[in-house]
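Visitor:
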Amino acid sequence: MKFYLGTHQPAWLARRLGVRLFVSHRRLAGRKTMPRAQGPWALDSGGFTELTIHGRWRTTPDTYVTAVRRYRAEIGRLDWAAPQDWMTEPEILARTGLTVTDHHRRTVDSYLHLRELAPELPFIPVLQGQIIADHQRCADIYERHDVDLAAQRLVGLGSVCRRQASQEVDDIVRALAERGLRRHGFGVKTTGLRRFGDVLASADSMAWSARGRREPGCAPGHRSEANCLPYALAWRRTLIDSLSTSQRVNPTAGAGLYASASQTRHQNEDPSCSAVAVMRWPALTRCMP
Ligand SMILES: [Zn+2]
Numbered sequence: 011m012k013f014y015l016g017t018h019q020p021a022w023l024a025r026r027l028g029v030r031l032f033v034s035h036r037r038l039a040g041r042k043t044m045p046r047a048q049g050p051w052a053l054d055s056g057g058f059t060e061l062t063i064h065g066r067w068r069t070t071p072d073t074y075v076t077a078v079r080r081y082r083a084e085i086g087r088l089d090w091a092a093p094q095d096w097m098t099e100p101e102i103l104a105r106t107g108l109t110v111t112d113h114h115r116r117t118v119d120s121y122l123h124l125r126e127l128a129p130e131l132p133f134i135p136v137l138q139g140q141i142i143a144d145h146q147r148c149a150d151i152y153e154r155h156d157v158d159l160a161a162q163r164l165v166g167l168g169s170v171c172r173r174q175a176s177q178e179v180d181d182i183v184r185a186l187a188e189r190g191l192r193r194h195g196f197g198v199k200t201t202g203l204r205r206f207g208d209v210l211a212s213a214d215s216m217a218w219s220a221r222g223r224r225e226p227g228c229a230p231g232h233r234s235e236a237n238c239l240p241y242a243l244a245w246r247r248t249l250i251d252s253l254s255t256s257q258r259v260n261p262t263a264g265a266g267l268y269a270s271a272s273q274t275r276h277q278n279e280d281p282s283c284s285a286v287a288v289m290r291w292p293a294l295t296r297c298m299p
């Protein structure tokens, strides 16, 4: 399991942190200069925010591809990039006025279009849905378009953010494992990692930031810990230790030097997704300066 530590701060990419980072296109777009990555990282497309605000993608595929090419060239060390996918949480469906099936089609179309525009870029397919049948149908649509999901380096698993404590989500994740997919869990909370982290290839989270927002800052320049690097790294370390203790993550399966945690496209944008439910947190009410 590889963890990607989500951050609002692209400058962290230039630090030698020894962790994988997860950064949104929304945080990078428009920057004059890019940080040079000192470690591997992955790119979120920022879809949850874009669909929430606008009810549609205003960023065109061409614009997104141009941006991702720039990130890969100027920042470097890009592991993979999310497509311009369409989440299926009820509030997003209400905003777009479309159905789950519509969102499936558009999510698959985005992947196919981006792949066609830029076959050299590491876009990953993403599955969306609310129930197992949704995710299976989304996977079927990819396969009808000759996308062999089992042959992909990674398949993103979206729209499970709010329900990670439920048996249903556990069933979804495990059912997709049976299809032989190497899955990335977007915005997996600690509860989710404990339940199904053992069958994920990777996950991202920035639950630390939502928690840090409620903590007093550790230094004069920190009003809170929402963007504090030591706080984030301490959170990640506690998370990794917690998962290792729970024996749900194989420490030899890639956690190693770059084990990390995540933003979610959601958590970054949706504080209700960010609760760290089962952390051994009391020892970490303050980070070290
Ligand atoms: Zn701090």
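Going by my numbering, 178 is the number at position 168 of the sequence shown; the sequence numbering is gapless.
Using N, Cα and C, we set each Cβ at its ideal position, and we do this for glycine too.
Can you tell me the Cα-Cα spacing of Ser254 and Leu31, whole angstroms?
Guide: Each residue's Cα considered, the two are about 20 Å apart.
Visitor: Is Glu235 near ligand 1, judged by its Cβ being under 7 Å from some heavy atom?
Guide: Glu235: yes, Cβ under 7 Å from ligand 1.
Visitor: Any heavy atom of ligand 1 closer than 7 Å to the beta-carbon of Thr244?
Guide: Before going on, a small fix: residue 244 reads as Ala here, not Thr. It does not: the Cβ of Ala244 is nowhere closer than 7 Å to a heavy atom of ligand 1.
Visitor: Buried or exposed: which applies to Lys42, given that a residue is buried once 16 or more other Cβ atoms fall within 10 Å of its Cβ?
Guide: So Lys42 counts as exposed.
Visitor: My output table needs one value for Leu249: the three-state DSSP class, helix, strand or coil.
Guide: If DSSP states are grouped into helix, strand and coil, Leu249 belongs with the helices.
Visitor: What are the boundary residues of the alpha helix (DSSP H) that Val165 is part of?
Guide: Per DSSP, Val165 belongs to no alpha helix (DSSP H); it is in the beta strand (DSSP E), Val165 to Leu167.
Visitor: In whole angstroms, what is the alpha-carbon distance linking Ser219 and Asp180?
Guide: Taking the straight line joining both Cα atoms gives about 25 Å.
Visitor: Would you call the stretch 101-114 in contact with the stretch 127-147, where contact means no fewer than 3 C-beta pairs closer than 8 Å?
Guide: Touching, yes.
Visitor: Cβ atoms of Ala91 and Phe133: under 8 Å apart, would you say?
Guide: Yes, these two residues count as a Cβ contact at 8 Å.
Visitor: Can you list, in chain order, the stretches of the beta strand (DSSP E) that have 3 or more residues and sit fully within the stretch 77-112?
Guide: Listed in chain order, the complete beta strand (DSSP E) runs (minimum 3 residues) inside the stretch 77-112 are 88-91.
Visitor: In whole angstroms, give me the CA-to-CA distance for His301 and Gly57.
Guide: This structure gives no information on residue 301, because the portion of the chain shown stretches from 11 to 299.
Visitor: In the stretch 135-222, which residue ranges form an unbroken beta strand (DSSP E) of at least 3 residues, counting only runs that do not cross its ends?
Guide: Segments of the beta strand (DSSP E) lying fully in the stretch 135-222: 165-167, 193-195 and 212-215.
Visitor: Within 10 angstroms of its Cβ, does Leu27 collect 16 or more other Cβ (buried), or is it exposed?
Guide: Leu27 should be labelled buried.
Visitor: Within a Cβ cutoff of 8 Å, which residues of the same chain sit near Val209, ignoring the five residues on either side of it in sequence?
Guide: Same-chain partners within the cutoff: Val183, Arg184, Ala187 and Arg193.
Visitor: Please classify His145 as buried or exposed, where buried requires at least 16 other C-beta atoms within 10 Å of its C-beta.
Guide: Flag for His145 reads buried.
Visitor: Please go through the same chain and pick out, in chain order, the residues whose beta-carbon is closer than 6 Å to the beta-carbon of Ile102, but skip the five residues on each side of it.
Guide: The answer, listed in chain order, is Leu61.
Visitor: Residue ranges of each alpha helix (DSSP H) run of no fewer than 4 residues wholly in the stretch 39-75, ordered along the chain?
Guide: For the stretch 39-75, whole alpha helix (DSSP H) runs of length 4 or above, ordered along the chain, are 57-64.
Visitor: Can you give the beta carbon distance from Ala213 to Thr17, rounded, assuming they're within the 8 Å contact cut?
Guide: The Cβ separation is near 15 Å, so there is no contact.
Visitor: Just the C-alpha distance for Ala161 and Leu191, rounded to the nearest angstrom, thanks.
Guide: Going by the C-alpha atoms only, they are around 8 Å apart.
Visitor: Would you mind working out which of Arg247, Arg221, Thr248 and Pro93 sits nearest Ala236, comparing C-alpha positions?
Guide: Answer by Cα proximity: Arg221.
Visitor: Gly227: beta carbon under 7 Å from a heavy atom of ligand 1?
Guide: Checking every heavy atom of ligand 1 against the Cβ of Gly227, one is found closer than 7 Å.
Visitor: Identify whether Val118 lies in helix, strand or coil by the three-state DSSP scheme.
Guide: It is helical.
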